[in-house]
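First the structure, in the form of structure tokens, and then the observations on it.
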Amino acid sequence: MTTEATRAQALLKEHRDSIDRLDAILVYTLAERFKQTQAVGKLKAMHELPASDPSREARQIERLEWLSKEADLDPEFAKKFLTFIISEVIRHHEILQK
Numbered sequence: 018m019t020t021e022a023t024r025a026q027a028l029l030k031e032h033r034d035s036i037d038r039l040d041a042i043l044v045y046t047l048a049e050r051f052k053q054t055q056a057v058g059k060l061k062a063m064h065e066l067p068a069s070d071p072s073r074e075a076r077q078i079e080r081l082e083w084l085s086k087e088a089d090l091d092p093e094f095a096k097k098f099l100t101f102i103i104s105e106v107i108r109h110h111e112i113l114q115k
């Protein structure tokens with residue numbers, strides 16, 4: 018292998034190591050987020066509040082779109098991602114209400 022290819026392999030490993038650390042951060046962050054939303058779901062169930070809060074969800078999507086632009090992340094991707102998370106949270110809240 019040439020010196021240039023060896024350097025490229027080392028850089029590739031650094032990038033992949035960084036990606037692996039970021040993936041771990043994402044997983045643990047999502048786990049913590051769902052712990053908080055489970056607590057919200059239990060509170061809603063105890064007080065017979067609706068599982069879904071469309072106005073809050075709309076504000077959150079708007080906020081995430083703004084944050085994604087600030088972070089130079091595709092806002093459409095961010096919106097799809099949050100929409101998926103919200104749908105999972107609502108599903109969990111509906112289960113808690115049964």
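Per my numbering: the sequence shown ends with 115, consecutive numbering throughout. Each residue gets a CB set at the ideal place from its N, CA and C atoms; glycine is no exception.
- [ ] State the DSSP-derived secondary structure class of Thr19, mapped to helix, strand or coil.
- [x] Working through the sequence shown from its first residue, we reach residue 19 at position 2. Looking at Thr19 - three-state DSSP - the assignment turns out to be coil, as it is neither helix nor strand.
Exercise. Rounded C-beta distance between Ala56 and Gln114? I'm assuming under 8 Å.
Worked result: Counted from its first residue, the sequence shown places residue 56 at position 39. Counted from its first residue, the sequence shown places residue 114 at position 97. Not really, about 14 Å apart at Cβ, beyond 8 Å.
>> Under 8 Å: do the region 102-110 and the region 49-66 share three or more Cβ pairs, one atom per stretch?
In response: Touching, yes.
Cβ-Cβ distance between Leu81 and Lys97 below 8 Å: As a working note, residue 81 is residue 64 in the sequence shown. As a working note, residue 97 is residue 80 in the sequence shown. It is not a contact, given that the beta carbons lie outside the stated cut-off.
- Task: Tell me whether Val44 is buried or exposed, calling it buried when 16 or more other Cβ atoms sit within 10 Å of its Cβ.
- Result: Looking up residue 44 in the sequence shown gives position 27. Looking at its Cβ environment, which holds fewer than 16 other Cβ atoms inside 10 Å, Val44 is exposed.
Would Val106 and Thr46 qualify as a contact pair, given that the criterion is a beta-carbon distance under 8 Å? Here residue 106 refers to the residue found at position 89 of the sequence shown. Here residue 46 refers to the residue found at position 29 of the sequence shown. The answer is no: Cβ separation not under 8 Å.
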